[in-house]
Amino acid sequence: MTAHRMTKIFLVCVWVGALFLSGCASFMKPEIGALARQDARINLKAGGVQNAAWNAKDLLLTYSYSEAGDTFNLAGTLSFDRSLTDSFPAVKRFFLKMSFLDSEGRVLETVDITPLLSTFGAVPDNLTVKASIPKPAGASAIAFNYFGAFMSGSTEGMGGSQWQISYFPFE
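Using the numbering used here, the first residue of the sequence shown is number 10, and each one after it goes up by one.
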């Protein structure tokens, strides 16, 4: 096989991989202007540090946020529900997103706030979530969404069964 042909095959593989990964990324990211369900909207309060908790079916995010000028600061702790981690103790992949919403509940911008995880590693009891990001003009609420896959049994050689979790409150 010539070097030129090998280069061509490599580039095609990279291109296909990029397409696959971009498809997964857009699945988790609501489009600008998408409407968040009413029950998913968390109204932002002005002034000082605000403490809150977001409890979803599969996880609990206990967090605080504050604003410094145009910067939105978020810090918190993420823990997965024991009913998930007792049966599926290894994480294959997990993504956590936060969307800024306008007064009508429409998405202005979505940011990735996924905590650092070890792929195919044991799920820790608590994960740190921290982000310092520009707040879009007109943002008056936020909404979270997530997607993940967890594994049972052996993580070596991808053995065991898999369980997927997700929450996507956008229309």
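All residues carry an ideal CB built from backbone N, CA and C; glycine is no exception. Since the structure is predicted, the reported quantities are computational estimates derived from the model, not experimental observations.
Please determine, among the options, the residue with the shortest C-alpha to C-alpha distance to residue i.
i, options, result
"Pro-143", "Val-132, Val-120, Gln-171, Asp-48", "Val-120"
"Leu-53", "Phe-129, Phe-89, Phe-156, Leu-83", "Leu-83"
"Phe-179", "Tyr-155, Gln-173, Gly-169, Trp-172", "Tyr-155"
"Thr-94", "Tyr-176, Gln-171, Thr-11, Phe-177", "Gln-171"
"Asp-111", "Lys-101, Ser-141, Arg-91, Arg-50", "Arg-50"
"Phe-81", "Leu-70, Gln-173, Pro-145", "Pro-145"
"Val-58", "Glu-76, Ala-158, Leu-44", "Glu-76"
"Ser-92", "Asp-134, Ala-62, Gly-56, Lys-106", "Asp-134"
"Asn-64", "Tyr-74, Ser-88, Gln-47", "Ser-88"
"Gly-85", "Thr-71, Ala-150, Ser-96", "Thr-71"
Taking its Cβ as the centre, do 16 or more other Cβ atoms sit within 10 Å of residue i, making it buried, or is it exposed?
i, result
"Arg-115", "buried"
"Ala-99", "buried"
"Asp-67", "buried"
"Ile-41", "exposed"
"Lys-139", "exposed"
"Gly-130", "exposed"
"Ser-108", "buried"
"Gly-78", "exposed"
"Thr-123", "buried"
Is there at least one Cβ from chain B nearer than 8 Å to residue i's Cβ?
i, result
"Ile-41", "Among the chains in the structure shown there is no chain B, since it carries only a single protein chain."
In the DSSP output, which residue or residues are listed as bridge partners for residue i?
i, result
"Arg-115", "Leu-44"
"Asn-52", "Ala-150"
"Pro-133", "None; Pro-133 has no bridge partner."
"Gly-85", "Tyr-72, Val-138"
"Thr-80", "Ala-77, Pro-143"
"Ala-62", "Thr-71"
"Gly-57", "Note: Gly-57 sits in no beta bridge, so no partner."
"Met-160", "Ala-99, Gln-171"
Would DSSP call residue i helix, strand or coil?
i, result
"Thr-11", "coil"
"Thr-123", "coil"
"Gly-32", "Low confidence applies to Gly-32: its pLDDT is 41, below 50, so where it sits in the model is not reliable, and the reading given next is rough at best. In this structure, Gly-32 counts as helix in the three-state DSSP scheme."
In the DSSP assignment, the beta strand (DSSP E) including residue i goes from what residue to what residue?
i, result
"Ser-175", "171-176"
"Leu-110", "99-110"
What residue does the alpha helix (DSSP H) around residue i start on, and which one ends it?
i, result
"Thr-94", "91-94"
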